[in-house]
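Quick note on this note's numbering: the sequence shown kicks off at 2 and runs consecutively. Report on one structure; see the data block that follows.
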Amino acid sequence: MIRSWRTWLIVLLGLLAGGGGLGLLLMLQGAPRAGGVLLYLANALAGLWVLYGLWVWRQVPWVRRVTGWVIGVVVAALTVGFCLSLGWRGGAIATVGAFAMAAGFTLGLALIRALLRGGHPVAGVARTLVDEAIRMKVAVVFIVALVLLVPVLPLSLDEGDPLKYRLQMFLSWSMIITSVLLSLMTIFLAVGTVSREVEQRQIFLTMTKPVSRAQYLLGKWLGVALLNLLLVSVSGAGVYVFTKMLARQPAWDAADRRAVDEQVLVARVSLAPQPADPAVIQRAYQERLVQLQAQEPQVYGPPGTPIEQVPQELRRQIQQHLMSQWFTVGPRQTQVFVFRDPRLLRSGGRSIQLRLEPKAAGSTSDGFVRLSMRVNGRPFWPFGEPVVKLSVDTYHVLEIPTEVVSPEGTLELAISNPAVDEQEQPSISFDPADGLQVLYRVGGFEANLFRSLAILWVRLCFLAALGLAASTFLGFPIACVLCLMVYVAAAGSGYLHESMEYYAAFPRDTLTLWEKIVWIPQQFVSLMGEGKVYDAVKILVRLLGTAFLKLVPSFSDYNPTPLLAEGLLVPWRQLGRAVLEVGVLWTGTAAVIGWLIFRRRELAQVTV
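What follows is the structure in structure tokens.
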């Protein structure tokens, strides 16, 4: 066995120079086949000699790291070669992507260790946690799953679908996979790192050092946060690269290519319509209020009551009713919608998009409605026909050239409900919330992806603080269950709020907060007295469920995935709110609670 690295290096250079030189010499002398064989044998022997040297000095730390890199490169190269030999180009690309993400994670891990090399107690605890995370099987499973799933996801897309839908599907699922895997890893890692040290009494050694309990928890949180920052960056790089690669694939047609460039790989904002004459809506509002005061004076006040004295909730309901009427186009009628924004002229795209979802007040013969439209006084024929045929209850996107926008940044859209074969169509309406919008470009995909990943990282910071706080007074299983309950409630807060409202609704939406507080116990006692136990339990469930949802952050308000996939702007305002509310308020609250419990906890008891 060779003990001197100099001898090993001389043999390696001899194989490369001698065998390679002789091979090249034979090729130059007119024996290309013999020279090629000799050159191949020399390179093969040199590779085996390198592996032999790595095995001999495997106990040296840097040699172990190099060995890992060599094994990774060899395995990736063999896998890529195998995929290419089978003609599976997608598998080869996925293998290269997985190896690149793993390499980026390894290099980033080394950078984090270097940054935490200082002698500060917080940095020391954070570096220990990073090293511990790599040794934990649970964390490694989630990291490996993330590195593998993002590159493999494009292979599951149906190439028969339009390129636009494939891109949107990849963006949605890649962000969902990243969010779920990292959230679960964060919970298990944050809970396990403290609870295990307490159970195994390893924390005694840490507490004997000049490390306060606040520094201990802060170091743990910093380690988890930096590890998540690295994983979010690596996965974000993978999402970006594979998105760009998918975007270069052939599109169905020119319209599909424009949709990719103008509707997916962009950052757009939506613009709601306004009445052509706001005074008409104001007069209709006054007339509606007078009518309601005459019909229900006990609710809306006696006739002549000023608008300011009508409860705000009632005024909002009147406004919603009038807006629903305004967004309705009756048979043989025309409604004018105006979109005003100077940024329409500065749109970075070649076109702006009209997004609409028509709804029919009655049945149609074929499930379609016919509309005729004019834009700023010009006939608008998106499909080359004067009448546009659109399916009911389906979102449609129509492209409008930016040249038709007025110099003032105004877009006037006139929608008519014409008769079809002398037969009137039912009234056609649009949802006032998002049934009729104009979308225009204000930014690029790269910045949108960055803001989405930043919001995801802020949410992970909260979960790290929550896991550490739970582990300060609970064991590993119970703490994990608690954190998972909070995570599920936070992630589905929007859906859960809506479900609670339908599950046990209040008698009317105009109840004040105090009226709701009084109504709940009264209704519960009344139902129990009538023997309606199930209905009474529903009220109790809503009360407890609503109270629990108030105690967790609403991740639904900070979910950038739908916006990113639809090419809609993830605004800096949303990121700022996420940082302040989730990153500062909720994370800080969880951290303070964990510190207050941990500082009073007796970690060891001296027995005599």
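Note that beta-carbon positions come from the ideal geometry of N, C-alpha and C, so glycine has one too. Quantities reported herein were computed from a predicted structural model and do not represent experimental measurements.
Around Val51, the same chain offers Leu13, Val71 as residues with beta carbons nearer than 8 angstroms, after the five sequence neighbours per side are excluded.
Close CB contacts of Leu185 within its chain, under the 7 angstroms cut and outside five residues either way in sequence, are with Phe143 (chain order).
About 6 angstroms separates the beta carbons of Val225 and Thr187, which is inside the 8 angstroms limit, making them a contact pair. Going by beta carbons, Thr329 and Ser392 fall outside the 9 angstroms limit.
Around the C-beta of Ile308, fewer than 16 other C-beta atoms lie within 10 Å, and the residue is accordingly described as exposed. Under the DSSP assignment, Ala490 falls in the alpha helix (DSSP H) whose first and last residues are 477–492. Using a Cβ distance threshold of 9 angstroms, Ser453 and Pro572 do not count as a contacting pair.
Under the three-state reduction of DSSP, Phe431 is assigned to coil, being neither helix nor strand. For Thr329, the secondary structure class from DSSP, reduced to helix, strand or coil, is strand. One Cα belongs to Gly125, the other to Ala448, and the distance between them is close to 34 angstroms.
A contact between stretches requires three or more CB pairs, one per stretch, nearer than 8 angstroms, and the segment 430–442 meets this requirement with the segment 262–282.
For Met102, the enclosing alpha helix (DSSP H) stretches over residues 90–116.
With a cutoff of 9 angstroms on beta-carbon distance, Glu413 and Val389 are scored as not near each other. For the options Gln354, Ser352, Leu372, the alpha carbon positioned closest to that of Lys360 is the one of Leu372. Taking a contact as a CB-CB distance under 8 angstroms, the pair Gly568 and Val267 counts as one, their CB atoms being some 5 angstroms apart. By the Cβ-count criterion, Leu156 is exposed, with fewer than 16 other Cβ atoms from all chains shown falling within 10 Å of its own Cβ. Relative to Leu231, the option among Gly105, Leu150, Ser428, Glu133 whose CA is nearest is Gly105.
Assignment of beta strand (DSSP E) within the segment 374–442, counting only whole runs of 3 or more residues, yields 379–381, 389–392, 397–402, 411–417 in chain order. For the 9 angstroms CB-CB criterion, Pro152 and Gly239 form a contact. Judged by DSSP secondary structure, Phe338 falls within the beta strand (DSSP E) whose first and last residues are 335–341. The way I'd put it, the segment 191–206 doesn't touch the segment 241–258; fewer than three beta-carbon pairs between them come closer than 8 angstroms. Collapsing the DSSP output to three states places Gly532 in coil.
Within the same chain, and ignoring the five residues on either side of Gln203 in sequence, the residues whose Cβ sits closer than 8 angstroms to its Cβ are Arg197. DSSP links Arg356 through a beta bridge to Val398, Gln438. Per DSSP, reduced to three states, the secondary structure at Ser196 is helical.
With the rule of 3 Cβ pairs closer than 8 angstroms, the segment 282–302 counts as touching the segment 316–324. Around the beta carbon of Arg7, fewer than 16 other beta carbons sit within 10 angstroms, so the residue counts as exposed. Secondary structure note for Val270: its beta strand (DSSP E) is the uninterrupted segment 267–272. Under a 10 Å Cβ-count criterion, Ile456 is classified as buried, with 16 or more other Cβ atoms of the shown protein chains found around its own Cβ.
Excluding its 5 nearest sequence neighbours in each direction, Cys84 has C-beta neighbours in its own chain below 7 angstroms: Gly92, Ala93, Thr96, listed in chain order.
Rounded to the nearest angstrom, the gap between the Cα atoms of Arg136 and Leu272 is 51 angstroms. DSSP, read as helix, strand or coil, puts Phe369 in strand.
CA-CA distance, Thr403 to Glu358, rounds to 22 angstroms. Our two residues, Thr395 and Gln292, have alpha carbons roughly 35 angstroms apart in a direct line.
Taking a contact to require three or more Cβ pairs closer than 8 angstroms, the segment 578–588 and the segment 530–542 do not qualify as touching. Of Ala295, Gln296, Ser175, the smallest CA-CA separation from Ser236 is found for Ser175.
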